[in-house]
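Below is one structure, written out as structure tokens; the observations come after it.
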Amino acid sequence: MLEEARLRFFWTEPNMVYQNYSRGGTPDLAEYSFLNIKGSNVFIKDSSDHSNHHD
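In full-length UniProt numbering, the protein residues as written are 1 to 55.
What follows is the structure, encoded as structure tokens:
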């Protein structure tokens, strides 16, 4: 579903503020990061493609 929306998940971690605030609770909240893979950007380009490299 996210790939269809052109979003790619690349990182997650527990929300430590919540975790420390509700000691003894469960890790219910997490932070997620996504990369927009629509179009062209340096994070999804093949490293062998140097056509847009500027010195």
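All C-beta atoms in this analysis are idealised placements derived from N, C-alpha and C, irrespective of residue type, glycine included.
Assigned secondary structure, residue i (DSSP; H/G/I helix, E/B strand, else coil)
i: Asn36; result: strand
i: Val42; result: coil
Beta-carbon proximity list for residue i, same chain, < 7 angstroms, skipping 5 on both sides
i: Ala30; result: Thr12, Glu13, Pro14, Asn15
One or two residues paired with residue i in a DSSP bridge
i: Thr12; result: Tyr32
i: Leu7; result: Asn36
8 angstroms CB neighbourhood of residue i in its chain, flanking five on each side removed
i: Phe34; result: Leu2, Leu7, Arg8, Phe9, Phe10
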